[in-house]
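Beneath this line is the structure, given in structure tokens, with notes to follow.
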Amino acid sequence: MSSPSPIKINGRIGRLRRSELPEDTIELARYLIGKTLVHDIPDGRLSGRIVETEAYPIGDAAAHSFRGETPRNKSMFLKRGHAYVYFTYGSCWCMNVSAETPGVGGGVLLRALEPLEGIELMEKRRGVSRALDIARGPGRLAAAMSIDRSQDGLDLCARASPLWLGASARPAGPIGVTTRIGLSREAHRLLRFYEKGSPFVSGPRRLLE
DNA sequence: GTATGGATGTTCT
DNA sequence: GAACATCCATACT
8 MSSPSPIKIN
18 GRIGRLRRSE
28 LPEDTIELAR
38 YLIGKTLVHD
48 IPDGRLSGRI
58 VETEAYPIGD
68 AAAHSFRGET
78 PRNKSMFLKR
88 GHAYVYFTYG
98 SCWCMNVSAE
108 TPGVGGGVLL
118 RALEPLEGIE
128 LMEKRRGVSR
138 ALDIARGPGR
148 LAAAMSIDRS
158 QDGLDLCARA
168 SPLWLGASAR
178 PAGPIGVTTR
188 IGLSREAHRL
198 LRFYEKGSPF
208 VSGPRRLLE
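Quick note on numbering: my numbering labels position 90 of the first sequence as 97, and the sequence is numbered without any gaps.
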């Protein structure tokens, strides 16, 4: 609860319009690196810079949408730019941004953020005191950003949505690509994207280059 | 610093 | 009953 903010934001961050989002899941996963995720809650604004994503595209056996639409994954089949939030491993919420056209399942898992605004609130929610530990990993990201089932299906591009995507607060650096984390199926595919050199990325440091 | 295993609840077989 | 897009505590180097 005592880490100083490493980043100062000057001026307002504009909301991304749906027309700016690539329709293709893999392109969207790459596009979102460096962009801002914002959640306006009663206590204030929580925001962070997206530094790590994973794509779960059409035809991917590891994607929740692979076997068709169910009550759990229906948000993956919405127009691109909607939130798909699911519960896993008995304790963790994870957030995706839906991709592809309506009725077609695809999503981008948000795996790590560099905290920007509301850092003290996030540290309190997570019970940690280092910015590096706030949102490194998808479950931690959702916990820090106060995201759970109640955000599932929200339109991130709607004018007044409390949960939304913003422009880059700082341009993304070079983007690295690796295999995705924690999968058994389709484990060889290179669908994890991250900002090279960012200490806020999850996983082994040797992947940072 | 890295490695390992248990907890936990929902979904699907 | 098994799998699971994970996290945390604990043990060890």
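For glycine and all other residues, C-beta sits at the position ideal for the given N, C-alpha and C.
Note that the structure is predicted; figures quoted are calculated from it, not measured.
Within a 10 Å sphere around the beta-carbon of residue 60 sit 16 or more other beta-carbons, which makes this residue buried.
Rounded to the nearest whole angstrom, the C-alpha separation of residue 76 and residue 83 is 8 Å. For residue 62, the closest of 32, 55, 39, 80 by C-alpha to C-alpha distance is 32.
Buried is the label assigned to residue 43, since at least 16 other Cβ atoms lie within 10 Å of its Cβ. Classified as buried, residue 159 has 16 or more neighbouring CB atoms from the shown chains inside 10 Å of its CB. For residue 63, DSSP records a beta bridge to 114.
A straight line joining the alpha-carbon of residue 39 with that of residue 173 spans about 10 Å. Shown here, residue 84 sits in a helix according to DSSP, grouped into three states. Residue 51 is bridged by DSSP to 48. Here DSSP, grouped into helix, strand and coil, assigns residue 132 to helix.
About 13 Å separates the beta carbons of residue 56 and residue 182, which is beyond the 8 Å limit, so they are not a contact pair. DSSP, reduced to helix, strand and coil, places residue 36 within a helical segment of the structure shown.
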